[in-house]
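A.B. asks:
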Amino acid sequence: GQSLEQPSEVTAVEGAIVQINCTYQTSGFYGLSWYQQHDGGAPTFLSYNGLDGLEETGRFSSFLSRSDSYGYLLLQELQMKDSASYFCAVVNNDMRFGAGTRLTVKP
Amino acid sequence: SAVISQKPSRDICQRGTSLTIQCQVDSQVTMMFWYRQQPGQSLTLIATANQGSEATYESGFVIDKFPISRPNLTFSTLTVSNMSPEDSSIYLCSGTTGYSPRDTQYFGPGTRLTVL
């Protein structure tokens with residue numbers, strides 16, 4: 047079978063750093079993707095990790111450890127507009143999404 | 327990249343009827359997918375839309391209930407047949423310009439369906 051675990055909700059203040067963890071169990075694995083979805087909007091791609099280590103894109107970074115079946119998304123210098131749901135997704139022959147983490151950024 | 331539009335954006339339908347959702351991409355994409363998402367919940371893959379051949383359905387989804395067409399590289403439709411209130415959900419299509427699921431998927435804005 048396949049499963050992904052991520053926290054359901056995270057709250058942080060503007061300017062802070064937040065880390066959203068994702069653990070997975072899967073029989074096949076190419077990599078881990080992260081998507082952002084604002085309320086009523088379409089999911090948009092943030093990052094993909096195919097190899098162990100850290101990928102940095104501006105204020106967002108994503109990390110993968112294949113041996114630990116674990117990854118995280120790191121958001122720095124939080125802004126109000128970062129309030130959204132964040133989904134990790136296991137990429138194999140297709141893409142399977144986690145339940146999502148709802149991030150609320152407060153002033 | 328690819329910009330994806332969907333029609334209709336929302337609809338309210340009576341049980342027992344069918345609704346066809348259209349997905350249009352502004353450029354050619356290699357792979358197209360259909361997902362279902364309950365508000366505030368995860369995305370569940372319904373099927374991969376294959377150009378010129380039958381779609382590949384995920385466990386729990388069947389062609390009779392969710393017929394899919396993909397006549398070319400920029401367009402696909404999903405029909406929700408013989409609807410019941412349990413089909414109320416957001417339906418999203420996505421596409422990728424690569425040949426692998428690891429390639430970035432671009433999503434449409436979704437179709438919010440309510441079945442009465």
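Those sequence lines, one after another, are chains A and B.
With the first sequence counted from 1, adding 46 to any position gets you our numbering.
With the second sequence counted from 1, adding 326 to any position gets you our numbering.
Ideal Cβ positions, reconstructed from N, Cα and C, are used throughout, including at glycine.
Are the C-beta of residue 118 (chain A) and some C-beta of chain B separated by less than 8 angstroms?
C.D. replies: Cβ-Cβ to chain B under 8 angstroms: no for residue 118 (chain A).
A.B. asks: Using only the alpha-carbon positions, how far apart do residue 441 (chain B) and residue 334 (chain B) sit?
C.D. replies: Those two C-alpha atoms are separated by around 14 angstroms.
A.B. asks: Please check if any C-beta of chain A sits within less than 8 angstroms of the C-beta of residue 362 (chain B).
C.D. replies: Judged by the 8 angstroms Cβ criterion, residue 362 (chain B) is not in contact with chain A.
A.B. asks: If I follow the unbroken beta strand (DSSP E) through residue 132 (chain A), where does it start and stop?
C.D. replies: It spans 130-137 - the beta strand (DSSP E) in which residue 132 (chain A) sits, taken as one unbroken run.
A.B. asks: Let's see if you can read the secondary structure: which residues bound the beta strand (DSSP E) around residue 332 (chain B)?
C.D. replies: Where residue 332 (chain B) is concerned, the enclosing beta strand (DSSP E) stretches over 330-333.
A.B. asks: Who are the near neighbours of residue 143 (chain A) in its chain, counting only those whose CB is closer than 6 angstroms to its CB and skipping five residues on each side?
C.D. replies: 133, 135.
A.B. asks: With DSSP run on the structure shown, which of helix, strand or coil describes residue 391 (chain B)?
C.D. replies: In this structure, residue 391 (chain B) counts as coil in the three-state DSSP scheme.
A.B. asks: Which first and last residues belong to the beta strand (DSSP E) in which residue 70 (chain A) is found?
C.D. replies: First-last of the beta strand (DSSP E) with residue 70 (chain A): 64-71.
A.B. asks: Residue 334 (chain B) versus chain A: which residues are under 8 angstroms apart at the beta carbon?
C.D. replies: Here the premise fails: no neighbours, minimum Cβ distance about 15 angstroms.
A.B. asks: What residues of chain B sit near residue 94 (chain A), judged by a beta carbon separation below 8 angstroms?
C.D. replies: Going along chain B in sequence order, the residues near residue 94 (chain A) (Cβ under 8 angstroms) are 428, 430.
A.B. asks: List, in order along the chain, the chain B residues whose C-beta lies closer than 7 angstroms to that of residue 126 (chain A)?
C.D. replies: Ordered by position in chain B, no residue passes the 7 angstroms Cβ test against residue 126 (chain A), which lies about 20 angstroms from the chain.
A.B. asks: If we ignore side chains and look at the alpha-carbon of each, how far apart do residue 141 (chain A) and residue 82 (chain A) end up?
C.D. replies: For residue 141 (chain A) and residue 82 (chain A), the distance between alpha carbons rounds to 15 angstroms.
A.B. asks: Grab the span of the beta strand (DSSP E) containing residue 381 (chain B) for me, first residue to last.
C.D. replies: Run containing residue 381 (chain B): none; DSSP gives neither H nor E here.
A.B. asks: With C-beta atoms as the reference, is residue 73 (chain A) less than 8 angstroms away from residue 137 (chain A)?
C.D. replies: For residue 73 (chain A) and residue 137 (chain A), no; Cβs fall outside 8 angstroms.
A.B. asks: Just checking residue 120 (chain A) against the ligand ZN - is the residue's beta carbon closer than 7 angstroms to any of the ligand's heavy atoms?
C.D. replies: This structure simply doesn't include the ligand ZN, nor any ligand for that matter.
A.B. asks: Please report whether the beta-carbon of residue 75 (chain A) lies at a distance below 8 angstroms from any beta-carbon of chain B.
C.D. replies: So no, residue 75 (chain A) is outside the interface.
A.B. asks: Measuring CB to CB, does residue 96 (chain A) end up less than 8 angstroms from residue 336 (chain B)?
C.D. replies: Against a cut-off of 8 angstroms, the Cβ pair of residue 336 (chain B) and residue 96 (chain A) comes out as no contact.
A.B. asks: So, residue 420 (chain B) versus residue 434 (chain B), is the Cβ gap smaller than 8 angstroms?
C.D. replies: The answer is yes: Cβ separation under 8 angstroms.
A.B. asks: Taking Cβ positions only, does residue 433 (chain B) come closer than 8 angstroms to chain D?
C.D. replies: In the structure shown, chain D does not exist; the protein chains are A and B.
A.B. asks: Measure from the alpha carbon of residue 77 (chain A) to the alpha carbon of each residue in A:87, A:64, A:93, A:84, then state which is nearest.
C.D. replies: That would be A:93, whose Cα lies nearest to the Cα of residue 77 (chain A).
A.B. asks: Run through chain A and tell me which residues come within less than 9 angstroms of residue 374 (chain B), C-beta to C-beta.
C.D. replies: What residue 374 (chain B) touches in chain A: 140.
A.B. asks: Can you tell me which residues form a DSSP beta bridge with residue 438 (chain B)?
C.D. replies: B:336, B:416, per the DSSP bridge assignment.
A.B. asks: Using the beta-carbon count (16 or more within 10 Å), is residue 346 (chain B) buried or exposed?
C.D. replies: The residue is exposed, with fewer than 16 neighbouring Cβ atoms inside 10 Å.
A.B. asks: Near residue 365 (chain B), what residues of its chain come up, given a Cβ to Cβ distance below 7 angstroms and the 5 sequence neighbours on each side ignored?
C.D. replies: Same-chain partners within the cutoff: 416.
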